[in-house]
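For any residue, its number in our numbering is found by taking its place in the sequence shown, counting from 1, and adding 426. Heads up, the beta-carbon is just placed ideally off N, CA and C, and yes, glycines get one too. Remember, it's a predicted structure, so these values are computed and weren't measured experimentally. Reading through the structure tokens given below for one structure.
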Amino acid sequence: MLPKVDLHCHLDGSLSETVVMRLARNAGVLLPDTAKALTKKLTAPADCKSLLQYLECFDLPVTCLQNEENLFEAAKSVIMEAAGEDVIYMEIRFAPLLHTAKGLNVKSVLRAVTGGVREGLRVVKSSGKVMEAGVIVCGMRHMSVDDNAAMLREAYGFYGDGLCGIDIAGGEADYPPMCQKAFFELAKDMGIPITIHAGECGSVQNVIDAVCLGSKRIGHGIALMKDQEARAWIKAQGTVLELCPTSNLQTKAVGAWEDYPFRLFLDEGLKITVNTDNRTVSQTTMTNEYRQLQIHCNMTGEDEKHILKNSIDAAFASDHVKKYLLQHVENLKKTENSDGQRAHQYKIK
């Protein structure tokens with residue numbers, strides 16, 4: 427089985443129910459009365475109407491993540507869960523300012539999350555597995571540019587020591603990327619790689635603006651399916667798209683599997699990656715995302731290899747880490763070929 431890379435995974439949307447229950451007890455947060463009610467609180471409904479409804483599933487986890495111990499445990503748990511399905515590299519993103527309601531500052535929040543990631547990696551590697559990871563900090567669209575910029579200045583000390591990039595998250599329709607132009611200009615001045623949520627709510631212009639703001643990767647970018655000229659421009663820019671199929675269907679970025687632009691983007695030569703977005707909110711894994719693409723979009727073994735390489739190339743990681751990951755993949759291919767195994771068969775976990 428080929429290993430996997432997840433470049434777009436939100437911390438607060440990827441905590442299992444077991445982890446949330448443990449964090450809630452530690453934080454003194456009251457949980458719903460029944461397991462069914464808890465599941466409903468943490469996962470998007472089958473008939474999810476929009477991105478805004480989808481985002482409501484973050485409320486309870488964020489409430490639980492207001493102390494350093496819980497932030498540390500949350501980050502550690504996501505790393506270890508991903509490692510269980512052969513994820514060899516992932517980038518966990520979250521918004522530090524959402525975790526300061528009980529007195530933490532940005533530096534203490536980052537210290538806890540990056541520490542949790544390191545501990546998760548230590549445990550994973552001690553079992554003989556290969557895995558690396560980074561943290562992306564998100565500004566929030568509904569917050570002021572000044573607040574987001576102040577967050578980034580505090581976070582900058584972690585760049586290269588756990589922190590690997592920045593993003594902006596929240597309701598895209600009401601707050602397009604250009605609203606945070608100064609935030610992205612600050613990131614560029616600092617030399618921090620940028621990815622931006624864009625094109626999730628139907629706006630092609632938001633995708634174009636995001637690239638003009640310096641984004642090397644686009645979170646989702648599904649709106650590009652409507653505009654061939656924009657796709658050609660994105661291809662020429664070398665911009666990478668972070669597709670999250672299950673989430674894209676739930677948020678209504680696309681209406682149905684038969685309309686999903688995976689093959690369109692791939693066949694036109696756009697640089698695409700496949701990711702989970704929110705493991706718990708979307709009730710998914712990387713394994714499931716690949717399996718659904720096999721079923722609905724005729725994803726082949728060669729497609730999987732191509733996307734894996736795209737993902738490693740696009741990672742906000744050092745050249746040393748990328749070389750290490752690519753060598754690991756090549757070594758696995760040699761082993762699998764000698765054993766006569768097929769590397770592209772996935773089963774839902």
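| Item | Value |
| --- | --- |
| Helix, strand or coil for Val455 per DSSP? | coil |
| Which partner residues of Leu669 appear in the DSSP bridge assignment? | Val700 |
| Over what stretch of residues does the alpha helix (DSSP H) that includes Met776 continue unbroken? | No answer is possible for residue 776: it lies beyond the span of the chain, which begins at 427 and ends at 775. |
| Could you name the residues of the same chain whose beta carbon sits closer than 7 Å to that of Ala470, not counting the 5 residues immediately before and after it, in chain order? | Tyr480, Cys483, Gln676, Val707 and Ser708 |
| Using C-beta distances below 8 Å, list every residue in its chain close to Cys435, excluding the 5 sequence neighbours before and after it, in chain order. | Val504, Ala508, Met516, Glu517, Ile518, Arg519, Asn701, Thr702, Asp703, Asn704 and Arg705 |
| If distances are taken between C-alpha atoms only, which option among Leu457, Lys607 and Cys627 comes closest to Asp600? | Cys627 |
| I need the boundaries of the alpha helix (DSSP H) containing Arg567, first residue and last residue. | From DSSP, Arg567 is part of no alpha helix (DSSP H); its letter is neither H nor E. |
| Could you give the C-beta distance for Glu545 and Lys502, rounded to a whole number, given that I count them as a contact under 8 Å? | 5 Å |
| Is it right to say Asp729 is buried, meaning 16 or more other beta carbons lie within 10 angstroms of its own, or is it exposed? | buried |
| Got a sec, what are the start and stop residues for the beta strand (DSSP E) Ala624 sits in? | Thr621 to Ala624 |
| May I ask which residues mark the beginning and end of the alpha helix (DSSP H) holding Lys661? | Gln654 to Gln663 |
| With the cut-off set at 8 Å, would you say Cys490 and Val446 are in Cβ contact? | yes |
| Within the same chain, show all residues whose beta-carbon is closer than 8 Å to that of Val513, passing over the 5 residues directly before and after it, in chain order. | Pro429, Lys430, Val431, Asp432, Met557 and Met712 |
| Going along the chain, which unbroken runs of the alpha helix (DSSP H) with 4 or more residues stay wholly within the segment 696-745? | 712-723 and 727-740 |
| Using three-state DSSP, classify Glu517 as helix, strand or coil. | strand |
| Do Pro602 and Asn632 count as a contact pair if the criterion is CB distance below 8 Å? | yes |
| On the three-state DSSP scale, how would you describe Glu694? | coil |
| Let's see if you can read the secondary structure: which residues bound the alpha helix (DSSP H) around Cys638? | Val630 to Cys638 |
| By the 10 Å Cβ neighbour count, where 16 or more other Cβ atoms means buried, how is Glu715 classified, buried or exposed? | buried |
| Can you say whether Cys638 is buried or exposed, counting buried as having 16 or more other CB atoms within 10 angstroms of its CB? | exposed |
| In the DSSP assignment, what are the bridge partners of Glu558? | Tyr515 |
| For the ligand COA, I want to know if Gly640 counts as a neighbour, meaning its beta carbon is within less than 7 Å of at least one of the ligand's heavy atoms. | Among the components of this structure there are no ligands whatsoever, and the ligand COA is therefore not found. |
| Name, in chain order, the residues that DSSP records as bridge partners for Leu589. | Val561 and Tyr585 |
| Let me know the secondary structure DSSP gives Gly546 once reduced to three states. | helix |
| In angstroms with no decimal places, state the Cα-to-Cα distance between Ala649 and Ser552. | 42 Å |
| To the nearest angstrom, report how far apart Lys760 and Lys749 are at their CA atoms. | 17 Å |
| What's the call for Met566, buried or exposed, on a 16-neighbour Cβ count within 10 Å? | buried |
| Could you name the residues of the same chain whose beta carbon sits closer than 6 Å to that of Pro458, not counting the 5 residues immediately before and after it, in chain order? | Leu464 and Lys467 |
| Whole angstroms is fine: what's the gap from Gly541's alpha carbon to Phe498's? | 6 Å |
| How about the segment 717-728 and the segment 684-699: do they share at least three Cβ pairs that are nearer than 8 Å? | yes |
| Count the other CB atoms, across all protein chains shown, that sit within 10 Å of the CB of His746; report buried if there are 16 or more and exposed otherwise. | exposed |
| Could you name the residues of the same chain whose beta carbon sits closer than 6 Å to that of Val571, not counting the 5 residues immediately before and after it, in chain order? | Gln606, Ala608 and Phe609 |
| Anyone know if the C-beta pair for Cys564 and Asp593 falls short of 8 Å? | yes |
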